[in-house]
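In the working numbering, the protein residues as written are 129 to 459.
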Amino acid sequence: MDLNHLKIPERVLIDEAYKRRIKRFHPKRGEIEEDYHRRMTGYRGEKEISYFLDKLAPDQFDIIHGLRLPCPNSDNFFQIDKLVLSTFILPLNIEVKNWKCDIHFDKHLDQVIKIYPDKNKRERTQNPVLQAREQALQLGMWLAQNGFGHFPIEYLFANSNEKSIITADPGYEHIFKKVCTGETLIEKINQIAPLPNSLTKSSLKNIEDALLAAHTPLKYNIQKMYEIPPKDVSTGVHCPKCNLLAMQFNKYGLWICLHCNYQSKTAYIPTINDYFLLIKPTITNAELRWFLQISSSDAANYILKSLNLPFTGSKKGRIYYRPEKNFPFDE
Numbered sequence: 129m130d131l132n133h134l135k136i137p138e139r140v141l142i143d144e145a146y147k148r149r150i151k152r153f154h155p156k157r158g159e160i161e162e163d164y165h166r167r168m169t170g171y172r173g174e175k176e177i178s179y180f181l182d183k184l185a186p187d188q189f190d191i192i193h194g195l196r197l198p199c200p201n202s203d204n205f206f207q208i209d210k211l212v213l214s215t216f217i218l219p220l221n222i223e224v225k226n227w228k229c230d231i232h233f234d235k236h237l238d239q240v241i242k243i244y245p246d247k248n249k250r251e252r253t254q255n256p257v258l259q260a261r262e263q264a265l266q267l268g269m270w271l272a273q274n275g276f277g278h279f280p281i282e283y284l285f286a287n288s289n290e291k292s293i294i295t296a297d298p299g300y301e302h303i304f305k306k307v308c309t310g311e312t313l314i315e316k317i318n319q320i321a322p323l324p325n326s327l328t329k330s331s332l333k334n335i336e337d338a339l340l341a342a343h344t345p346l347k348y349n350i351q352k353m354y355e356i357p358p359k360d361v362s363t364g365v366h367c368p369k370c371n372l373l374a375m376q377f378n379k380y381g382l383w384i385c386l387h388c389n390y391q392s393k394t395a396y397i398p399t400i401n402d403y404f405l406l407i408k409p410t411i412t413n414a415e416l417r418w419f420l421q422i423s424s425s426d427a428a429n430y431i432l433k434s435l436n437l438p439f440t441g442s443k444k445g446r447i448y449y450r451p452e453k454n455f456p457f458d459e
């Protein structure tokens, strides 16, 4: 799995697909819109931090995004937003937020107060520095448990929103050693302690390969997520031009919009993505015909084969599976 490039989280893709395929006044739509907004805010924050991380020399630093690993001493998992690896500095875990508010660190309870001056509102939230520290401890134990030795993991909290004002109680200013903005991130990385014993590039690659192999993406139970039955999900192919569910497949292999006459050979691909995101991770010829609203079994068979999906069974009993890699499909 490629974690060296930031991708839109699958939960965001699921929310987007529901927004395309449930009615405007569906009772779950408000919940989906709220979840989508919150997760997209987080994704934009990670994208902003990635912009600054891209300034690091690629021959000296490797960046892993969204790493999710099993906890060494429990059945739980821990997740790292950004992991910076290098042959000459300590591994760095970065906890990323995109908080559009002022941030105050309270020393008495090691807590954070989010302040919204325009709303005259204050709320307590979990201290992201403590989150980053806990993740770093878990990662250090994981590396030791997997034979890579004992060395400390550095950690930072990075808030990507450039308008936030970050303050701390008097006597608690040392917390700023672990806090940065996007603009100060590279400077903070340059201050990270060197490794006690420098790693070779091959050793670093072994660590990175082991981390990627152990990465365990969160699996979503689509039916339980919002409890939306498949019958509430609109079927058919959206027109890439007018965005209506009005595309019809003809015998020449073309999708033609009955509303604006737009023609395409690949308009069905986003619909396949939506099926795997909203219905289930397997599909049959009959299920493809139902979701694409086509009648020809031969046409459905041709489409399924063109996607190069893994499958089991033969002929009418064949079941195709959503691929682990290269999903969602590109048009």
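Glycine included, each C-beta is placed from N, C-alpha and C at the ideal position.
Because the structure is a prediction, the values reported are computed rather than measured.
- If only complete runs of 3 or more residues are kept, the region 274-312 shows the beta strand (DSSP E) at 282-287, 294-296 and 307-309, in order along the chain.
- Counting along the chain, Leu372 sits inside no alpha helix (DSSP H), nor does DSSP assign it H or E at all.
- Counting the other CB atoms within 10 Å of its CB gives Thr399 a total of 16 or more, which places it among the buried residues.
- CA-CA distance, Asn389 to Leu373, rounds to 13 Å.
- Contact between Tyr449 and Leu435 is absent: CB atoms are separated by about 11 Å, not below the 8 Å threshold.
- Pairing Lys306 with Tyr300, the inter-Cα distance amounts to about 12 Å.
- One alpha carbon belongs to Leu327, the other to Leu220, and they sit about 15 Å apart.
- Between the beta-carbon of Tyr348 and that of Arg166 there is about 16 Å, and that puts the pair past the 8 Å contact cut.
- In this structure, Lys210 is the residue among Ser214, His302, Lys210 and Asp163 with its C-alpha nearest to the C-alpha of Gly310.
- In this structure, Asn401 is the residue among Asn401, Gln273, Ala428 and Ile422 with its C-alpha nearest to the C-alpha of Glu459.
- Here Tyr354 is buried: its Cβ has 16 or more other Cβ atoms, across all protein chains shown, within 10 Å.
- In the pairwise beta carbon analysis, the region 263-273 is classified as touching the region 199-206: at least three pairs are separated by under 8 Å.
- Closest option to Asn226, judged by alpha-carbon separation, among Leu420, Ile294 and Ala264: Ile294.
- When only Cα atoms are considered, Ile241 and Asn289 end up about 16 Å apart.
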